[in-house]
Amino acid sequence: MFLLSVYFLLLWFVLPMTDAEESISGKKFRDFLHEWPTPGTGPYFDTSVDSNITGLVGNTVLLHCRVKNLGNRTVSWVRHRDIHLLTVGRYTYTSDQRFEAIHTPHTEEWTLRIRYPQKKDSGIYECQISTTPPVGHPVFLTIVVQQ
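Just so we're aligned: the sequence shown equals residues -20 to -1, 1 to 127 in mature numbering (1 follows the signal peptide of the UniProt record, and there is no 0).
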């Protein structure tokens, strides 16, 4: 019954209008429906983002992760070397102040900033989505000494 009501609302408010006469609320509703995930699809990683990063000792590095269809899930960064949870959402959970989560609201970008990296910071970091079970995307970091 609820879906039938939504269908009639669509027919009555949104569909009869041309683009020129579409109301602001009708446009917002149409945009809302357009962004609503298709049933059966969940969050996923944009794998076109570079997952092999090389940085210099002492120079800040950024590890990028782009997540599509995140919905109400959260993104975390985990360091594989010691299975250390570094960040959850925009909050940093490690006591190592060199690590910081960066995320601009309403974007798909989730970045881990590492200030003053050392060679020991080289390794695999995982951008992780809080699905059940969690899904992750590895980012490989190599820190080198400038020659």
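Positions of the beta carbon are idealized from the N, C-alpha and C atoms, including for glycine.
Residue i - containing beta strand (DSSP E), residue span
i, result
"Ile123", "Val115 to Val124"
Chain-order list of residues whose beta-carbon lies under 6 Å from that of residue i (same chain, five-residue window excluded)
i, result
"Asn32", "Phe120"
"Leu50", "Pro23"
"Val29", "His44 and Arg46"
"Gln108", "Ser56, Val58, Pro114 and Gly116"
"Leu42", "Thr91 and Arg93"
Proximity of residue i and residue j at Cβ, strictly below 9 Å
i, j, result
"Thr40", "Ile123", "no"
"Ser110", "Thr54", "yes"
"His44", "Gly103", "no"
Cut-off 7 Å between Cβ atoms - residues of its own chain near residue i, not counting five sequence neighbours on either side
i, result
"Arg78", "Ile94, Arg95 and Tyr96"
"Asp101", "Ile94, Leu121 and Ile123"
"Pro118", "Ser31, Ile104 and Glu106"
"Thr74", "His64 and Leu66"
Sequence-distant residues of the same chain with beta carbon closer than 8 Å to residue i, five excluded per side
i, result
"Phe83", "Here residue 83 is His; the residue named in the question, Phe, does not match the sequence. These residues qualify, in order along the chain: Val55, Gly69, Arg70, Glu89, Trp90 and Thr91."
"Val125", "Leu36, Val37 and Lys99"
"Thr72", "Leu66, Phe79, Glu80 and Ala81"
For a minimum of 3 consecutive residues, which ranges assigned as the beta strand (DSSP E) are wholly contained in the region 25 to 110?
32 to 36, 41 to 48, 55 to 59, 64 to 68, 79 to 82, 89 to 94 and 103 to 109
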